[in-house]
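Note sheet for the following structure.
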Amino acid sequence: MNFVKSLALAAILVAPTFADSIPSLGCASSFGVLAGAIFNTSGTLNVTGDDGTTAATKYTNSGTVIASGTNFLDAAPACASTDFVSALTTAEGFTPTVTAPVGGAPPSATFTLGSGNTVFSLTNSGFTAGSTFTFNDAADPGGQFIIEMSALTISGIPTFSLGAVSPANILWVVTGDVGISGAGTWDGSIFSGGNIGISGAVTYNGGLYAENNFVHSGSNTVIDELGGQAVPEPSSLGFLAGAIALGFAALKFRRQSVA
Numbered sequence: 386m387n388f389v390k391s392l393a394l395a396a397i398l399v400a401p402t403f404a405d406s407i408p409s410l411g412c413a414s415s416f417g418v419l420a421g422a423i424f425n426t427s428g429t430l431n432v433t434g435d436d437g438t439t440a441a442t443k444y445t446n447s448g449t450v451i452a453s454g455t456n457f458l459d460a461a462p463a464c465a466s467t468d469f470v471s472a473l474t475t476a477e478g479f480t481p482t483v484t485a486p487v488g489g490a491p492p493s494a495t496f497t498l499g500s501g502n503t504v505f506s507l508t509n510s511g512f513t514a515g516s517t518f519t520f521n522d523a524a525d526p527g528g529q530f531i532i533e534m535s536a537l538t539i540s541g542i543p544t545f546s547l548g549a550v551s552p553a554n555i556l557w558v559v560t561g562d563v564g565i566s567g568a569g570t571w572d573g574s575i576f577s578g579g580n581i582g583i584s585g586a587v588t589y590n591g592g593l594y595a596e597n598n599f600v601h602s603g604s605n606t607v608i609d610e611l612g613g614q615a616v617p618e619p620s621s622l623g624f625l626a627g628a629i630a631l632g633f634a635a636l637k638f639r640r641q642s643v644a
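Reading the sequence shown from the start, the letters are residues 386 to 644 in the numbering used here.
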């Protein structure tokens with residue numbers, strides 16, 4: 386009995402801990418651009434995936450929208466909004482463990498993963514075309530960057546220095562409004578608890594999801610990199626497997642000794 390208790394205790398002590406991970410978009414995972422209220426676009430918008438709003442009669446297009454999926458001109462499935470809001474709420478509930486250092490003029494920010502997926506807090510500091518966002522996943526290649534902000538206002542697109550980091554592993558979680566203008570490339574999907582407004586000529590390597598309005602002008606491209614991924618990172622799964630194997634080996638040895 387003591388042996389069994391010891392084995393159970395060992396399993397508990399090395400049970401896997403799951404890092405905060407980019408939440409699944411569920412029904413909204415097919416969308417490159419999604420709004421919960423007004424969807425207003427002028428100019429040209431190219432979208433990989435679906436686009437639209439879950440609010441009936443709120444889609445207004447005075448330009449050209451080219452989507453590889455479906456343009457929901459009336460109302461997208463209600464589950465898209467429900468599942469996105471659920472994902473947003475989950476992401477907003479994460480507790481940042483790192484405050485991303487910001488410095489220089491114009492200001493730049495650096496994001497360095499710890500041992501596992503990392504949630505960062507970032508101040509909206511007037512980033513512009515002269516800024517650089519540097520991402521480093523050397524401590525955990527393939528780990529996820531979840532960046533929390535109260536608002537995001539960008540006038541001029543910063544340079545993204547990704548190294549081996551995939552845009553699919555970057556999520557910007559903004560509780561308020563997002564306003565981005567300029568020309569260049571933006572990496573990472575954006576969840577907004579308010580409105581998203583984009584203008585200029587930007588390629589977004591990631592989807593754009595707004596709880597309220599989406600307003601677009603200019604000539605922009607949105608490539609859905611997220612695709613609803615959400616695979617928790619079991620930071621001690623290997624230890625658990627080792628403990629179980631060790632336990633079975635010990636049990637076999639004990640039986641042989643008794644025999």
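C-beta: ideal position from N, C-alpha, C; glycine also.
Label residue i either buried or exposed according to how many other C-beta atoms from any shown protein chain fall within 10 Å of its C-beta, with 16 as the threshold for buried.
i, result
"serine 466", "buried"
"alanine 461", "buried"
"glycine 511", "exposed"
"glycine 582", "buried"
"cysteine 464", "exposed"
"proline 408", "buried"
"proline 552", "buried"
"aspartate 405", "buried"
"serine 447", "exposed"
"alanine 413", "buried"
"alanine 337", "The structure shown does not extend to residue 337, since the chain is modelled only from 386 to 644, so the question has no answer here."
"aspartate 459", "exposed"
"threonine 426", "buried"
"alanine 490", "exposed"
"glycine 488", "exposed"
"threonine 433", "buried"
"alanine 441", "exposed"
Looking at residue i: is its Cβ nearer than 9 Å to the Cβ of residue j?
i, j, result
"aspartate 468", "alanine 452", "no"
"aspartate 609", "serine 574", "yes"
"aspartate 653", "glycine 515", "Outside the shown range of the chain (386 to 644) lies residue 653, about which nothing can therefore be said."
"glycine 579", "valine 559", "yes"
"alanine 485", "asparagine 509", "no"
"phenylalanine 545", "phenylalanine 505", "no"
"leucine 430", "valine 607", "yes"
"phenylalanine 479", "asparagine 598", "no"
"phenylalanine 496", "phenylalanine 457", "no"
"isoleucine 532", "isoleucine 555", "yes"
"serine 513", "glycine 567", "Per the sequence presented here, residue 513 reads as threonine, with serine not at that position. In this structure, glycine 567 lies closer than 9 Å to threonine 513 by Cβ."
"serine 471", "glycine 428", "no"
"lysine 443", "alanine 476", "no"
For chain C, check one thing: does any of its Cβ atoms lie closer than 9 Å to the Cβ of residue i?
i, result
"histidine 601", "Absence of chain C from the displayed structure is noted, only one protein chain being present."
For the putative contact between residue i and residue j, defined by C-beta atoms under 8 Å, what is the C-beta separation to the nearest angstrom?
i, j, result
"threonine 570", "isoleucine 542", "7 Å"
"alanine 586", "serine 602", "At roughly 11 Å, the Cβ-Cβ gap does not stay under 8 Å, so alanine 586 and serine 602 are not in contact."
"leucine 547", "aspartate 525", "Actually they are not in contact, since the Cβ atoms of leucine 547 and aspartate 525 sit about 15 Å apart, beyond 8 Å."
message = I'd like to know if the stretch 413-428 and the stretch 585-593 are in contact, where contact means that at least 3 CB-CB pairs between them fall below 8 Å.
response = Contact between the stretch 413-428 and the stretch 585-593 is present: three or more C-beta pairs spanning the two stretches fall below 8 Å.
Is the stretch 436-446 close to the stretch 498-512, with three or more CB pairs under 8 Å? No, because fewer than three Cβ pairs between the stretch 436-446 and the stretch 498-512 fall closer than 8 Å, the two stretches do not touch.
### Message
Which complete alpha helix (DSSP H) runs does the stretch 569-599 hold, if anything under 4 residues is left out?
### Response
As summarised for the stretch 569-599, there are no continuous alpha helix (DSSP H) elements at least 4 residues long confined to that stretch.
Worksheet entry | Sequence ranges, beta strand (DSSP E) only - wholly within the stretch 489-544, length at least 3 | Taken in chain order, the complete beta strand (DSSP E) segments of 3 or more residues contained in the stretch 489-544 are 493-497, 503-506, 517-521, 530-534 and 537-540.
**Asked** Can you give, in chain order, each stretch of the beta strand (DSSP E) that sits fully within the stretch 396-482 and has at least 3 residues?
**Response** Qualifying beta strand (DSSP E) stretches, in chain order: 416-420, 424-426, 429-433, 435-438, 444-446 and 449-452.
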